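Residues -28 to -1, 1 to 521 in mature numbering (1 follows the signal peptide of the UniProt record, and there is no 0) are what the sequence shown lists, from first letter to last. A virtual CB, placed ideally from N, CA and C, is assigned to each residue, including glycine. From a predicted model like this one, the values you see are computed outputs, not experimental measurements. What follows is a short report on a single structure.
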Amino acid sequence: MIFYSRSGSFLWACVCCLSLFDWKTVYTGASPVAERKPTFDWAKLAPSAVLNWTQCFENYTCTKLKVPLDYENPSIGSTGIAFIKLAAKNNSDTAPNILINQGGPGGSGVDFLLSTGSELEAILGSDYNIVGFDPRGVNNSGPVVDCFPRHSDAREEFSDQFFTVTANSSSNSLEQQFYAADLFGQWCSAAFRKNASGEYVSTPAVATDMLTYAKAEQRAAGKPEEEAKLWYYAVSYGTALGSTFAALYPQNVGRLVLDGVLDAEDYFNGAWESNLYQSDDALGTFSTYCHQAGPNNCSFWGPSSQNITDRLDVIISTLRDHPLPVAGVDSEKGPGLATYADLKQLLLWAVYAPVQRFPELADALKALESGDGSQVMNGLDNVVVTDDEDTIIKCVDGYRGTDLSTLEAYQNYVTLLEKESHYFGDAWPTNADNVLCRSVNLTTTDKRAFSGFLHPTRYNTSFPILYVASTIDPVTPTSQNPPRGAYKMSQYFPGSVVLLQDSIGHTASISASDCLAENISRYLSGTLPNANTTCHGAPVPFQDASAGH
C-alpha cells in the first residue's frame, strides 16, 4: 500500500502493512529512517554465499548474501540481499537467529531493526540474535526496481494524479485514478523492457531467499544445511511472507510468530478485498475512548460518544465539499488545501495505532471544527509513499488475479469496498493501489505464480506456527465465524495456534501487553499458548499514550 506525501518525497513506509504507514514511527516515535544520515556504505559489501558478518552501524553487523535472480534458472545471474544483525546479550555465537520482517511489501528490515532494536528485544527477548533484511528489490538489496529511472518529474506527475484523491472525493476522482494507472503502467513497462528486474521480486522468491539464509547460517555453524530451520517474527504483509515460507518449506519451520495476519489467499489473488471488515469498528472506538477520557484528556470530547461521531461525520461531509485553505504563513506548511482525501488518510493513519495516535487525531479534529486545517496537513508528514517495488511485488504476486482492466470493474471494486466500510471504502483503493497493475506488462509465467492458498490445502510444519492478532484490527481483521485473518490462515497449518490480544490497532505488538510478550517468549522456548487464549492489559487510548512499543 502506498500513501502520498504532500512534499512529493518517497520515503519508506511500512507500517506493518501492508506498507501503509511508517510503522517504526508508531513503534518508537522515531523519525523516519529516510531522514537519517547514512553511516554505512553497503556498496562495499560484496555479495557472497558465505555470511561474512562485518561491523557496520554501532552495535550491529552486516552482510550481503548472494542469491540467484531466478532459482529455477540460475544462469540468468545473481543479486545480493542485505542483512543486519543485533547480537544477543549472551552467547550470541550459539543463540538462535530470529529473522524479522515489518511488512510492506517494500519495507526495509535493515532500517526497521536500526530504529526498533530495543523494542524488538522487549518483545522477543535478548537471548536471540535479531536479524533484519531488505527483501529482494528493496532498499539495499538487488535487483533495482525503478519505473521512473532518472525521471522524478514524471513520477511526481503520476503521484499527483493518483495518490492525492480518494475514489469518491469528487465527481471524477475515480476516473482520474483509473486513467492515471495507465501512466504508471506505461512507465513501468518501458523500464522493464530495458531491465527485467521486476520479474524476480515475488514473495515466493523472497521466501526462498530466507531458506537460503537459514542454510547459510547452518553451514556457518558447521551443521548440515538440510536441517536448517527458520526462526521468524513478522507483522502485516510479513505474515503473508511467513505463511508462504511455511507452505513452500514446511519442514524448515523453526519458530514463526506472525502478527497482524494478512489473508494470503486474498493477497495472492491481487484483490485486497478482505481488509476493512473491522475498520469502522476501529474508528468507532475513537468516539468511545474520547468520551470516556473526559475533556481534560481528549480535546475533541463531547457529552456522548454519539455526539463525537456526529461531529466527525459533519467534518468529513463539510471537507468533501469545501477544502480548507492553509496559508502556512507562520509555519513551514502551506500554502495548500486540507482536503477530504487528506482527512480520510489521517483517519486511517490513526486507527493503525490508536494508543499513540488518537490524541493527535482529536487535536486535528478540534482544529478542523474551528476552521483550521493546518494540523491535518502537518499530520500528513507521517503519511508517506513507498517506492515502486511495493506495487511491482504486488503485481507479480497477484499475476492473473483480480482483473481491474476496465473502468466498470474498478467502479464495482470501489462499490464493494464501500459496502465493507463506510469510512474507508473509498480511500482503500488508493492504498491497495492494485489498479496500477492493470497496465504493467510483466513476462511473469504461470510457473512463477503462487497458488498455495487459492485452494484447500494443509501443510504440516516441523513446528507449529503462532498467529497473533488484536481483537479489532483496521486492516487485517480477525474472526472465527466466518474465519478471517489469523483464524483463516491457521486452517492451512494443522497444529498452529491463534493468540488474541484484547486491543485495537494494526497488530497486537503495536500496543503489546505483558501477557503477549510472555506468551511469545514461551513459544520461542518451545511452549505453545493454550487454544483460545486472549491477552488482556494492553494500553488504552487517551490513558496510556506513552505505553506500548
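Taking DSSP's pairing of strands, which residues face W159 in a bridge? What you label residue 159 is simply residue 187 of the sequence shown in a count that begins at 1. In DSSP, W159 forms no bridge with anything.
To the nearest angstrom, how far is it from the Cα of I53 to the Cα of G194? On the sequence shown, residue 53 is found 81 positions in, with the first residue counted as 1. On the sequence shown, residue 194 is found 222 positions in, with the first residue counted as 1. Going from the Cα of I53 to the Cα of G194 covers about 22 Å.
Pair within 8 Å by beta-carbon distance, I72 and Y205: As a first step, residue 72 must be located in the sequence shown, where it is residue number 100. As a first step, residue 205 must be located in the sequence shown, where it is residue number 233. Against a cut-off of 8 Å, the Cβ pair of Y205 and I72 comes out as a contact.
Going straight from the alpha carbon of S145 to that of S289, what length do you get? Reading the sequence shown from its first residue, position 173 is the one you call residue 145. Reading the sequence shown from its first residue, position 317 is the one you call residue 289. S145 and S289: Cα-Cα distance of roughly 16 Å.
Closer than 7 Å by C-beta to D516: which residues in its own chain qualify, once you throw out the five before and the five after it? Chain order, please. The residue given as residue 516 occupies position 544 in the sequence shown. These residues qualify, in order along the chain: V327.
Apart from the five residues just before and just after N24, which ones in its own chain have a Cβ nearer than 6 Å to its Cβ? Indexing the sequence shown from 1 puts residue 24 at position 52. Same-chain partners within the cutoff: T35.
Count the other CB atoms, across all protein chains shown, that sit within 10 Å of the CB of R165; report buried if there are 16 or more and exposed otherwise. One-based indexing of the sequence shown puts residue 165 at position 193. With fewer than 16 other Cβ atoms within 10 Å, it is exposed.
Grouping DSSP H, G and I as helix and E and B as strand, with all else coil, what is E390? Counting from one through the sequence shown, the residue named residue 390 turns up at place 418. E390: helix per DSSP, three-state reduction.
Cβ neighbour criterion (16 or more within 10 Å) applied to E199: Along the sequence shown, read from residue 1 onward, the residue named residue 199 stands at position 227. E199 should be labelled exposed.
Among the residues of its own chain, which have a CB less than 6 Å from the CB of S462, if the five just before and after it don't count? Locating residue 462 in the sequence shown gives position 490, counting from the first residue. Cβ within range, chain order: Y439, S468 and V470.
V178: which of F105, S98, D344 and G300 sits nearest, CA to CA? Walking along the sequence shown from the start, residue 178 turns up at place 206. The residue with the shortest Cα to Cα distance from V178 is F105.
Apart from the five residues just before and just after D360, which ones in its own chain have a Cβ nearer than 8 Å to its Cβ? By one-based count along the sequence shown, residue 360 stands at place 388. Cβ neighbours of D360 beyond the five flanking positions: V117, D118, C119, F120 and C160.
Span of the alpha helix (DSSP H), counted from its first residue to its last, around V512: As a position in the sequence shown, residue 512 is number 540, starting the count at 1. Neither: V512 is in no alpha helix (DSSP H) and is coded neither H nor E.
For P176 and L220, believed in contact at Cβ under 8 Å, the rounded distance: Position 248 of the sequence shown, counting from 1, holds the residue named residue 220. Position 204 of the sequence shown, counting from 1, holds the residue named residue 176. Contact holds; Cβ gap of about 6 Å.
Which ranges does the beta strand (DSSP E) cover as unbroken runs of at least 3 residues, wholly within the region 5 to 49, from first to last along the chain? 33 to 40
Under the three-state reduction of DSSP, which class applies to S64: helix, strand or coil? Taking the sequence shown and counting its residues from 1, the one referred to as residue 64 is at position 92. Here S64 sits in coil by DSSP.
Between the CA atoms of V298 and A503 - distance to the nearest angstrom: Taking the first residue of the sequence shown as 1, we reach residue 503 at position 531. Taking the first residue of the sequence shown as 1, we reach residue 298 at position 326. About 52 Å.
Looking only at its chain, what residues have a beta carbon closer than 6 Å to the beta carbon of G370, apart from the 5 residues adjacent to it on each side? Locating residue 370 in the sequence shown gives position 398, counting from the first residue. Within the same chain, G370 has close Cβ partners G242.
C-beta atoms of D235 and G457 nearer than 8 Å: Against the sequence shown, residue 235 aligns to sequence position 263. Against the sequence shown, residue 457 aligns to sequence position 485. Yes.
Excluding five sequence neighbours on each side, which residues of the same chain lie with their C-beta closer than 6 Å to the C-beta of L496? The sequence position of residue 496 within the sequence shown is 524, counting from 1. Around L496: R227.
Report the partner residues of T506 according to the DSSP bridge assignment. Working through the sequence shown from its first residue, we reach residue 506 at position 534. Note: T506 sits in a beta bridge opposite L472.
Tell me which residue opens and which closes the alpha helix (DSSP H) that V178 is part of. The sequence position of residue 178 within the sequence shown is 206, counting from 1. First-last of the alpha helix (DSSP H) with V178: T175 to A192.
Check this for me: beta carbons of F272 and A334, under 8 Å apart or not? Within the sequence shown, numbered from 1, the residue matching residue 272 stands at position 300. Within the sequence shown, numbered from 1, the residue matching residue 334 stands at position 362. Against a cut-off of 8 Å, the Cβ pair of A334 and F272 comes out as a contact.
G424 beta carbon less than 8 Å from that of T184: Start at 1 with the first residue of the sequence shown, and residue 184 comes out as number 212. Start at 1 with the first residue of the sequence shown, and residue 424 comes out as number 452. Not closer than 8 Å, so no.
Return the residue from the list L319, Y464 and E30 that minimises the CA-CA distance to H394. As a position in the sequence shown, residue 394 is number 422, starting the count at 1. Ranking L319, Y464 and E30 by Cα distance to H394 puts L319 first.
Helix, strand or coil for F217, going by three-state DSSP, please let me know. Mapped onto the sequence shown, residue 217 falls at position 245. Three-state DSSP puts F217 in a helix.
Can you give me the C-alpha to C-alpha distance between P46 and A188, rounded to a whole angstrom? Numbered from 1 along the sequence shown, position 74 holds the residue referred to as residue 46. Numbered from 1 along the sequence shown, position 216 holds the residue referred to as residue 188. Distance between the alpha carbons of P46 and A188 is about 18 Å.
Between Y324 and G477, how many whole angstroms is the CB-CB distance? I'm expecting something under 8 Å. Residue numbering aside, residue 324 sits at position 352 when the sequence shown is read from its first letter. Residue numbering aside, residue 477 sits at position 505 when the sequence shown is read from its first letter. Yes, they are in contact, since the Cβ atoms of Y324 and G477 sit about 6 Å apart, within 8 Å.
When you compare the region 403 to 413 with the region 147 to 163, are there three or more beta-carbon pairs, one atom per stretch, that lie closer than 8 Å? yes
Beta-carbon proximity check, T378 vs D405, cutoff 8 Å: Taking the first residue of the sequence shown as 1, we reach residue 378 at position 406. Taking the first residue of the sequence shown as 1, we reach residue 405 at position 433. Taking 8 Å as the Cβ cut-off, T378 and D405 do not qualify as a contacting pair.
Inter-residue Cα distance where the pair is K9 and Q347: Position 37 of the sequence shown, counted from the start, is the residue given in the question as residue 9. Position 375 of the sequence shown, counted from the start, is the residue given in the question as residue 347. Any reading at K9 must be qualified, since the residue scores a pLDDT of 42, below 50, and its modelled position is unreliable; the value itself is stated next. Distance between the alpha carbons of K9 and Q347: 27 Å.
What is the DSSP secondary structure of P455, counted as helix, strand or coil? Start at 1 with the first residue of the sequence shown, and residue 455 comes out as number 483. P455: strand per DSSP, three-state reduction.
Measuring straight from C-alpha to C-alpha, what distance separates H508 and D486? On the sequence shown, residue 508 is found 536 positions in, with the first residue counted as 1. On the sequence shown, residue 486 is found 514 positions in, with the first residue counted as 1. Looking at the two C-alpha atoms, the distance is approximately 9 Å.
Is the region 54 to 65 in contact with the region 124 to 144, if contact means three or more CB pairs nearer than 8 Å? no
How about P222 and S434: do their beta carbons lie closer than 8 Å? Here residue 222 refers to the residue found at position 250 of the sequence shown. Here residue 434 refers to the residue found at position 462 of the sequence shown. Cβ atoms of P222 and S434: closer than 8 Å.
K57 - partner residues in DSSP beta bridges: Counting from one through the sequence shown, the residue named residue 57 turns up at place 85. According to DSSP, which records beta bridges pairwise, K57 is partnered with T33 and V103.
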